[in-house]
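Counting from 1, one number per residue, gives the positions in the sequence shown under full-length UniProt numbering.
Even glycine gets a Cβ: it sits at the ideal position worked out from N, Cα and C.
Report on one structure; see the data block that follows.
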Amino acid sequence: LPFIVFFLVHDIVKLRSGVVGRIPDIVVWPASEDQVVEIIEGAKKYDVAIIPIGGGTSVSGALECPKYEARSICSLDMSIMNKIIYIDEENLLCRAQATFFLLLNEKGFTCGHEPDSVEFSTLGGWVATRASGMKKNKYGNIEDLLVHVTLITPQGYIRRQCQVPRMSSGPDLHQVVLGSEGILGVVTEATIKIFPKPEVKKYGSLIFPTFRHGVNFFREVARQHCECASLRLVDNEQFSMGQAMKIDDG
Numbered sequence: 001l002p003f004i005v006f007f008l009v010h011d012i013v014k015l016r017s018g019v020v021g022r023i024p025d026i027v028v029w030p031a032s033e034d035q036v037v038e039i040i041e042g043a044k045k046y047d048v049a050i051i052p053i054g055g056g057t058s059v060s061g062a063l064e065c066p067k068y069e070a071r072s073i074c075s076l077d078m079s080i081m082n083k084i085i086y087i088d089e090e091n092l093l094c095r096a097q098a099t100f101f102l103l104l105n106e107k108g109f110t111c112g113h114e115p116d117s118v119e120f121s122t123l124g125g126w127v128a129t130r131a132s133g134m135k136k137n138k139y140g141n142i143e144d145l146l147v148h149v150t151l152i153t154p155q156g157y158i159r160r161q162c163q164v165p166r167m168s169s170g171p172d173l174h175q176v177v178l179g180s181e182g183i184l185g186v187v188t189e190a191t192i193k194i195f196p197k198p199e200v201k202k203y204g205s206l207i208f209p210t211f212r213h214g215v216n217f218f219r220e221v222a223r224q225h226c227e228c229a230s231l232r233l234v235d236n237e238q239f240s241m242g243q244a245m246k247i248d249d250g
């Protein structure tokens, strides 16, 4: 993918309203793991705070520069590191850099992980925020898909030499990295489970007389183990809001 800069709605609103807040003192774009290591070593030497950034959706506000941080702040933009390292078609695994996304589809595979921010969010961000997606019924959450992860910290690398889905010896370091929100280090690459792209996608909708009827329907679907890849129940207010925000193609 080409180098892309995304401007988010909340950033635009802040700029237009003049309420910008603190911004990074420096922004860097590493192109390799070695460069990430060098940047982190330099930040450690000169006491600089680092905020890793992937797609920049920042639903949790984790990319905001702390107002009272006394140190200089470096924004570590991972957007250049967006390559697929390999696809193992026999074992259905994909090893990719931190900001790969959508490239799998071009090669006939999917990881099935589709959060609401799927157009902009990235693999490293999914791991760092322990993300969930709309198709988790079929494919699972990111912790179910993760096979291996590389985390670069001020003390060095955290990675396993054996890239297998499960190991019974020792603590599971993945559980430390998942949801760490960038406070422990920088996710540079990960290996995840992949699946052949479905040949057919079918969509449908049902209207229930009350919201409670919809909840009961979901429970019955779960009891019978016939979950679709994605199910969503919305009330009238949410549905009306969604319709009002649709783009007019005409």
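Straight across, the Cα-Cα distance linking Lys83 with Lys136 is about 24 Å.
Classified as buried, Val187 has 16 or more neighbouring CB atoms from the shown chains inside 10 Å of its CB. Remark: C-beta atoms of Trp29 and Ile80 approach each other more closely than 9 Å. Between Tyr139 and Thr150, the C-beta gap is not smaller than 9 Å, which leaves the two residues out of contact. Membership of Tyr86 in the beta strand (DSSP E) is indicated by the continuous run Ile84 to Asp88. A Cβ-Cβ separation of about 7 Å places Phe120 in contact with Gly56 under the 8 Å criterion.
For secondary structure counted as the beta strand (DSSP E) over 3 or more consecutive residues, the stretch 88-122 holds these complete runs in sequence order: 93-97. Considering only Glu64, Ile26, Asp11 and Glu114, the residue with the shortest C-alpha distance to Cys74 is Ile26. The DSSP assignment places 146-153, 156-158 and 186-193 as complete runs of the beta strand (DSSP E) inside the stretch 142-205, in order along the chain (cut-off: 3 residues). With contacts defined by Cβ atoms closer than 9 Å, Ile194 and Ile87 form a contacting pair.
Take the alpha-carbon of Phe208 and the one of Lys197: they are about 31 Å apart. Around the beta carbon of Ile152, 16 or more other beta carbons lie within 10 angstroms, which makes this residue buried. In this structure Ala96 is in contact with Leu123, their Cβ atoms being roughly 6 Å apart against a cut-off of 8 Å.
Sixteen is the threshold: when 16 or more other Cβ atoms of the shown chains lie within 10 Å of the Cβ of Pro52, as they do, the residue is buried.
For Ser240, the enclosing alpha helix (DSSP H) stretches over residues Asn236 to Ala244. Annotation: Ile51 is outside any alpha helix (DSSP H); the continuous beta strand (DSSP E) that includes it extends over Ala49 to Ile53. Rounded to whole angstroms, the gap between the alpha carbons of Leu184 and Val118 is 24 Å.
Each residue's CA atom was taken as its position, placing Val48 and His10 some 26 Å apart. It is roughly 28 Å from the alpha-carbon of Thr99 to the alpha-carbon of Arg16.
DSSP places Ile39 inside the alpha helix (DSSP H), whose first and last residues are Glu33 to Tyr46.
Taking a 10 Å sphere around the C-beta of Ala70, we find fewer than 16 other C-beta atoms and assign the residue as exposed. A direct Cα-Cα distance of roughly 15 Å separates Val59 from Ile12.
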